[in-house]
Amino acid sequence: MDELDLLKKDWDKSTKKYPNLSKEEIYSIISKRSSSIVKWIFIISILEFILWTALSFFGDSTEVLEKIQANDFAFIYYTMIIISYIIIFVFMYLFYKNYRNIAVTENTKVLMEKILKTRKTVKQYVIYNLSMMALVILLGIIMELSTSPETQILLTDIESKGENNIFIFYLIITIVSLIAIAVILSLFLGFYYLIYGLLLKRLKKNYKELKIIANLE
Amino acid sequence: MKLDSEHNFVELLQKHQNIVHKICRIYTDNEHAHKDLFQEISIQLWKAFPKFRGDSKFSTWMYRVGLNTAITLYRKSLRTIKSQPIESVGYKLSHEDYDNTKDEQLKLIYEAVKKLNDIDKGIIFLFLESKNYKEISDTLGISEVNARVRMNRIKTKLKIQLNA
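For the protein sequence lines, the chains are A and B, in the order given.
The first sequence runs 1 to 217 under this note's numbering.
The second sequence runs 218 to 381 under this note's numbering.
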């Protein structure tokens with residue numbers, strides 16, 4: 001077939017026209033995946049932030065807010081909100097920095113360090129979020145106990161029935177709160193595992209592959 | 218060729234990168250897609266490298282993994298390849314690579330090849346690489362007879378297209 005012969009001739013002739021990548025370029029092509037994973041970590045952290053902020057606007061929290069303002073908790077409440085926003089923005093900045101850094105990294109060794117750093121930042125972020133949540137739940141319980149009129153009535157009621165009862169009451173409250181905190185935290189831990197854990201796993205795999213490359217450099 | 222397990226992957230890929238570029242040329246239409254596919258194939262090769270035992274030549278193995286990657290990707294209904302833009306990798310493809318040639322007839326032939334389905338592209342690619350039917354069937358995992366039949370059909374298809 002004439003056409004095929006023509007094609008074959010041209011094909012053989014064009015061999016020299018292809019790009020010739022250096023070893024370094026090939027390294028960085030293989031390691032580029034990390035940068036897309038880290039980019040996703042950054043994007044997801046922003047989406048997560050938007051989600052929580054949106055939820056807090058849509059949820060009907062007027063009653064709670066009134067309660068907070070009516071009592072001495074307003075100061076603690078607003079301080080915590082401001083601090084938590086600052087910390088979240090710091091984390092978002094760190095995620096962004098990690099992404100920028102990884103995107104421009106060329107050297108395998110440096111890239112490996114950056115991957116480790118990203119993993120560390122994400123872990124700190126998750127730990128921070130979970131501790132913050134535990135703290136908020138704890139404060140909520142304390143606030144409810146010390147300010148709600150119903151609880152006050154209940155407390156005096158129990159107290160009048162004997163010294164021991166109040167001790168048992170607090171014991172039950174403590175146990176129930178601990179269980180509640182544990183359940184809520186594990187739910188969130190599962191949530192974080194799903195969105196960040198899987199990305200971190202891929203990063204780790206990438207890291208291991210890079211380690212092999214680094215050994216041959 | 219003595220292979221010290223994983224330690225010379227990059228070296229080998231660097232040396233034989235032409236194979237990957239050529240696969241990209243057959244399967245993609247523009248520079249951007251070429252780079253994406255090149256990256257994807259490189260990553261797949263790297264992932265599969267621990268399984269490469271050295272009982273075939275590295276280049277032979279590259280043909281197989283590279284073509285399988287291209288075929289699998291394009292089988293997913295031409296879904297765009299997910300990958301990072303690799304601008305930081307400063308290689309440039311000259312425009313003529315996709316212009317192929319000024320020769321009008323050759324241009325038409327290349328266009329006709331681009332219209333073939335994913336497996337047929339693989340067959341014609343291996344044919345252009347001067348592989349015999351045994352090698353073609355081994356690389357693509359089809360029988361030798363099937364390879365011959367398909368090659369004949371490709372010739373007919375190209376003829377019809379070019380004479381249309």
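Beta carbons are placed, not taken as given, at the ideal position from N, Cα and C, and that holds for glycine.
Query                                                                                                                                                                             : Result
Could one say the Cβ of W11 of chain A lies closer than 8 Å to chain B's Cβ atoms, at least one of them?                                                                          : yes
So, does the CB of L295 of chain B fall closer than 8 Å to a CB anywhere in chain A?                                                                                              : Only weak support is given to the placement of L295 of chain B: the predicted model assigns it a pLDDT of 49, under 50, and the question is left unresolved by the model.
Kindly indicate which three-state DSSP category E209 of chain A falls into: helix, strand or coil?                                                                                : helix
Counting contacts by CB-CB distance shorter than 8 Å, is K372 of chain B in contact with chain A?                                                                                 : yes
If you count every other CB in all the chains shown that lies within 10 Å of the CB of F226 of chain B, and 16 or more means buried, which is it?                                 : buried
Assign R270 of chain B to one of two classes, buried (16 or more other C-beta atoms within 10 Å of its C-beta) or exposed (fewer than that).                                      : exposed
Exposed or buried, what is K299 of chain B when buried is set at 16 or more other beta-carbons lying within 10 Å of its beta-carbon?                                              : Legend: pLDDT at K299 of chain B = 45, less than 50; position of this residue unreliable, value from coordinates given subsequently. The residue is exposed, with fewer than 16 neighbouring Cβ atoms inside 10 Å.
Do you know how far the Cα of L116 of chain A is from the Cα of K201 of chain A?                                                                                                  : 12 Å
Please classify D253 of chain B as buried or exposed, where buried requires at least 16 other C-beta atoms within 10 Å of its C-beta.                                             : buried
Taking K204 of chain A as the reference, which of A:L187, A:I26, A:M112, A:V176 has the closest Cα?                                                                               : A:M112
So, is the C-beta of Q234 of chain B closer than 8 Å to a C-beta in chain A?                                                                                                      : yes
Report the rounded CA-to-CA distance for K331 of chain B versus S14 of chain A, giving the unit in angstroms.                                                                     : 17 Å
Would L220 of chain A pass as an interface residue toward chain B - the criterion being a Cβ-Cβ separation below 8 Å?                                                             : There is no way to answer for residue 220 of chain A, as the model of chain A reaches only from 1 to 217.
Measuring only the C-alpha atoms, how far is Q234 of chain B from L198 of chain A?                                                                                                : 32 Å
Give a yes or no on whether 8 Å exceeds the smallest Cβ distance from K8 of chain A to chain B.                                                                                   : yes
Under 8 Å between beta-carbons, which chain A residues line up against W263 of chain B? List them in chain order, please.                                                         : I30, E209
Using a 10 Å radius around the Cβ and a threshold of 16 neighbouring Cβ atoms, would you call R242 of chain B buried or exposed?                                                  : buried
Would you identify the three-state DSSP class for A265 of chain B, choosing helix, strand or coil?                                                                                : helix
Apart from the five residues just before and just after R367 of chain B, which ones in its own chain have a Cβ nearer than 8 Å to its Cβ?                                         : I336, D337, I340, I359
Which residues in chain A have a C-beta closer than 7 Å to the C-beta of H238 of chain B? List them in chain order.                                                               : Y18, P19
So, at 8 Å on beta carbons, what are the nonlocal neighbours of L21 of chain A in its own chain, with the 5 sequence-adjacent residues on each side left out?                     : I29
Spatial neighbours of Y96 of chain A within its chain, please: C-beta separation below 6 Å, excluding the five flanking residues on both sides.                                   : F42
Based on Cα-Cα distance, which residue from B:T373, B:I353, B:K372 lies nearest to A364 of chain B?                                                                               : B:I353
Kindly indicate the opening and closing residues of the alpha helix (DSSP H) around P149 of chain A.                                                                              : 149–160
Taking the alpha helix (DSSP H) that N235 of chain B belongs to, which residues open and close that run?                                                                          : 226–244
Can you tell which of A:I82, A:N98, A:I88, A:V110 has the C-alpha that lies nearest to the C-alpha of L210 of chain A?                                                            : A:V110
Please list, in chain order, the chain B residues whose beta carbon lies closer than 9 Å to that of T15 of chain A.                                                               : N235, K239
Sorted by chain position, which residues of the same chain lie with C-beta nearer than 8 Å to I326 of chain B's C-beta, five sequence neighbours on each side aside?              : L375, L379
Evaluate W263 of chain B with the Cβ neighbour count: other Cβ atoms within 10 Å of its Cβ, from every protein chain shown; 16 or more gives buried, anything less gives exposed. : buried
Candidates A:Y18, A:F75, A:N129, A:I37: which alpha carbon is nearest Y99 of chain A's?                                                                                           : A:I37
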